[in-house]
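Read through the structure below, which is laid out as structure tokens, and then see the notes.
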Amino acid sequence: MNDNNSAIKVNNLVKYFGRKQILKGLGFNVPLNTIAGFLGPNGAGKTTTLRMLLGLIPGVNGEIVLLNHSMPGGRSKALEEIGAVVENPAFIESLTAYDNLYWFGSLYKPLTRERILEVIEMVGLKEATMQRFGTFSTGMKQRLGVAFGILHRPRLLILDEPTSGMDPAGRVHMREILTRIHREENTSIFLSSHLLDEIQRLCNYVVIIDSGKTVREGYVADLLSGHQEKWEIRVADEDAARAREMVAAMHDAVTEVSSGPRGLVLTMVSGQSNFVNSELVKAGIRVNALIPLEASLEETFIKLTGNGEGSGGRQ
Amino acid sequence: MRRMLFLILFELKKILNRKKALLFLLALNVVPLVASLALIVAYVKFKGFGFGEVQFSVLYEVVQGLFTAHFKLFAFIAPFFLALVVGDSFSTELSRGYMKMLLLTPVRRWQVITAKTMAIMLFLLLAVCLGGFFLQADLFVARSLSQNSGILPGVIETEITRPLYLVSTSAAMQLLALTFLANLMLIGFFTVFALFFESAILMSFTSLSVLMGVHTFYLVATTLLNKIDIWYEQAATWCFTRHLDELFSISNIDNMLGGRANLFSEGIFGAWVAASGWAVFFFAIAVLLFSRRQILH
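Line order of the protein sequences matches chains A and B. Using the numbering used here, read the first sequence as starting at 244 and increasing by one per residue. Using the numbering used here, read the second sequence as starting at 9 and increasing by one per residue.
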């Protein structure tokens with residue numbers, strides 16, 4: 244990949260905490276203009292990697308290039324073009340949302356009142372503009388963190404588990420905010436998350452790491468193409484036997500058929516669910532429901548990282 | 009440069025925003041505050057008794073004595089407050105995550121240390137000036153209440169024809185510079201400790217214990233142990249706290265207030281140069297430590 248098209252380039256990154264090796268030659272290359280997910284089980288080294296990217300952990304052993312600025316030498320220049328929040332945003336409790344954004348955000352560049360208010364509105368905190376940060380809920384804190392990250396119109400936004408501790412509605416809202424930022428502000432986004440369905444819904448690029456090493460990276464579409472998916476198919480009782488015979492014969496689309504609690508469980512080649520469904524309908528079988536059992540990215544993730552459970556060390 | 013100035017302002021805002029900062033200011037100035045109120049009440053009362061022209065001169069003498077005492081007391085207790093303020097600015101911010109947020113912006117680590125130091129110094133200078141302002145205000149109020157302020161014969165006769173200020177501008181500026189340089193060294197010392205602790209209280213207790221330990225060794229080594237072995241006296245020359253003793257000695261402050269000494273006088277110049285050298289040393293250590301510190305919270 245051409246360096247000019249690279250938002251984040253990491254090569255052979257190594258990190259020890261005491262005697263324990265957290266990162267073992269980690270490397271990945273995130274293209275510009277993507278929403279990239281950073282996946283890994285607990286203890287894989289995600290947060291450590293983000294901290295090293297942003298210079299919070301000095302003494303880089305390996306190569307880090309952010310927006311063509313080599314770290315650590317180009318840290319200040321790089322951070323002028325990057326917005327970031329690692330773990331929970333920690334603003335000053337006694338200051339209002341507006342004041343926190345003004346004081347912290349002005350360290351990037353001078354800000355206008357209009358820009359601060361615009362960003363506050365963008366993350367849905369208009370009503371809480373003059374509310375003290377100490378009184379914010381977890382979701383509001385996370386959203387203010389994102390607001391802080393985009394105040395100076397960065398080219399790259401780095402977020403560590405931005406939906407951590409949020410309820411489902413909050414997660415949906417956060418996804419909408421990030422999509423909007425990517426679309427309207429033309430900002431590349433790199434975010435770590437444990438929530439695979441969230442990454443699949445939001446990201447078009449993904450980096451999967453395990454035990455301090457990259458196990459897979461690429462565009463989500465490429466990663467899933469050719470991959471098998473599991474679906475549950477529910478048909479009328481009288482059609483069940485015939486449906487089972489039919490799907491078992493579709494060797495190009497269905498690789499495995501088993502019985503589920505309320506229907507048939509089919510393992511299909513990715514993207515073939517439409518075909519299977521239409522063939523059954525054509526044959527006069529009444530298909531009541533076709534339900535994806537597992538998100539493909541989750542399956543890929545578990546396959547690549549063993550059982551998805553890490554060593555549980557410091558991330 | 010703009011970023012640096014903004015960072016200093018931000019740090020000052022953070023210090024003043026804490027409730028304990030106001031308590032610090034009050035505690036550091038409680039003597040001049042209460043004394044100045046009591047004095048003005050007494051002045052008004054005695055003025056009514058018709059003592060003529062002497063009372064203003066008496067007030068002036070008392071206020072000037074209080075100012076000298078305030079300055080000496082301040083020099084003595086400032087380290088205890090400084091330890092807490094430095095602890096709050098570094099240790100507490102490390103544990104609460106404010107430091108992490110700062111370091112996610114393009115500011116450099118040495119800039120963070122410099123800005124915090126400057127902000128703490130400004131806070132300290134504000135504190136030391138506040139007591140002086142209270143006492144100076146007494147004189148202004150007293151003069152405005154008195155149409156024919158009198159002067160004790162032979163005491164401050166030269167003050168008759170010019171505005172009555174507590175200290176000359178030159179002496180005030182030099183005292184502030186003295187406070188600045190001496191306390192810069194202390195802030196550097198406390199900052200080194202603050203980078204190892206994430207609790208302001210623990211950091212304060214530890215650093216103050218070391219500070220008092222160093223100074224006790226200096227006192228014992230120069231007055232007693234040097235009689236046993238000259239090595240102790242040589243070791244005591246490395247006790248940086250001795251420069252504070254020299255800078256804030258009663259005679260030096262009296263002489264500076266009285267215009268008989270300045271920053272370049274013998275015994276003062278050497279001490280503040282040495283204190284500045286120690287300040288540079290402590291800050292170099294602090295910057296080195298901070299540049300290698302991992303921000304994990």
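The beta carbon of each residue, even a glycine, is placed where N, CA and C say it ideally should be. Owing to the predicted nature of the structure, the values given are computational and were not obtained by experimental measurement.
Residue i - containing beta strand (DSSP E), residue span
i                      : result
residue 326 of chain A : 325-328
residue 282 of chain A : 278-282
residue 347 of chain A : No beta strand (DSSP E) holds residue 347 of chain A; the alpha helix (DSSP H) holding it covers 340-348.
residue 272 of chain A : 263-274
residue 259 of chain A : 249-260
residue 402 of chain A : 399-403
residue 314 of chain A : 312-314
Buried or exposed (CB count within 10 angstroms, at least 16 for buried), residue i
i                      : result
residue 540 of chain A : buried
residue 505 of chain A : exposed
residue 431 of chain A : buried
residue 326 of chain A : buried
residue 443 of chain A : buried
residue 249 of chain B : buried
residue 211 of chain B : buried
residue 248 of chain A : exposed
residue 173 of chain B : exposed
residue 170 of chain B : Annotation note: pLDDT 40 at residue 170 of chain B (below 50); position unreliable, coordinate value reported separately. Exposed, because fewer than 16 other Cβ atoms sit within 10 Å of the Cβ of residue 170 of chain B.
residue 286 of chain B : buried
residue 197 of chain B : buried
residue 343 of chain A : buried
residue 440 of chain A : exposed
residue 242 of chain B : exposed
residue 165 of chain B : Reliability fails at residue 165 of chain B, whose pLDDT of 47 lies under 50, so the model's placement of it is uncertain and no value is given.
residue 237 of chain B : exposed
residue 298 of chain A : buried
residue 517 of chain A : exposed
residue 454 of chain A : buried
residue 263 of chain A : exposed
residue 404 of chain A : buried
Nearest candidate by alpha-carbon position, reference residue i, set the options
i                      : options                       : result
residue 531 of chain A : A:497, A:491, A:482 and A:492 : A:482
residue 6 of chain B   : B:229, B:214, B:117 and B:86  : In the structure as shown, chain B begins at 9 and stops at 305. Residue 6 of chain B is therefore absent and cannot be evaluated.
residue 217 of chain B : B:231, B:201, B:232 and B:229 : B:201
residue 498 of chain A : A:486, A:511, A:489 and A:488 : A:511
residue 446 of chain A : A:474, A:495 and A:273        : A:273
residue 358 of chain A : A:333, A:547, A:334 and A:393 : A:393
residue 43 of chain B  : B:9, B:68 and B:32            : B:68
residue 340 of chain A : A:324, A:406, A:372 and A:523 : A:372
residue 204 of chain B : B:71, B:302, B:50 and B:16    : B:302
residue 449 of chain A : A:271, A:260, A:255 and A:253 : A:271
residue 15 of chain B  : B:52, B:244 and B:114         : B:114
residue 244 of chain B : B:254, B:226, B:237 and B:251 : B:226
residue 435 of chain A : A:427, A:407 and A:458        : A:407
residue 500 of chain A : A:527, A:364, A:300 and A:474 : A:474
Cβ-Cβ distance between residue i and residue j below 8 Å
i                      : j                      : result
residue 98 of chain B  : residue 199 of chain B : yes
residue 250 of chain A : residue 421 of chain A : no
residue 433 of chain A : residue 544 of chain A : no
residue 329 of chain A : residue 294 of chain A : yes
residue 310 of chain A : residue 288 of chain A : no
residue 139 of chain B : residue 223 of chain B : no
residue 107 of chain B : residue 188 of chain B : no
residue 255 of chain A : residue 306 of chain A : yes
residue 20 of chain B  : residue 127 of chain B : yes
residue 94 of chain B  : residue 23 of chain B  : no
residue 37 of chain B  : residue 142 of chain B : yes
Alpha helix (DSSP H) segment containing residue i, residue limits
i                      : result
residue 419 of chain A : 411-427
residue 287 of chain A : Per DSSP, residue 287 of chain A belongs to no alpha helix (DSSP H) and is neither H nor E.
residue 384 of chain A : 381-393
residue 182 of chain B : 177-202
residue 222 of chain B : 208-231
residue 260 of chain B : 258-265
residue 303 of chain A : Unbroken run through residue 303 of chain A: none, as it is neither H nor E.
residue 285 of chain B : 277-300
residue 24 of chain B  : 10-25
residue 251 of chain B : 249-255
residue 360 of chain A : 356-365
residue 238 of chain B : 238-244
heavy atom of the ligand FAD below 7 Å from residue i C-beta
i                      : result
residue 144 of chain B : No copy of the ligand FAD appears in this structure; indeed no ligand is present at all.
- [ ] Counting only runs of 4+ residues fully inside the segment 431-486 of chain A, write out the alpha helix (DSSP H) ranges in chain order.
- [x] 439-445 and 463-467
- [ ] Entirely within the segment 488-535 of chain A and at least 3 residues each: give me those beta strand (DSSP E) ranges in chain order.
- [x] 497-502, 507-512 and 530-535
- [ ] With a floor of 4 residues, list each alpha helix (DSSP H) that falls wholly inside the segment 105-145 of chain B, ordered by position along the chain.
- [x] 106-111
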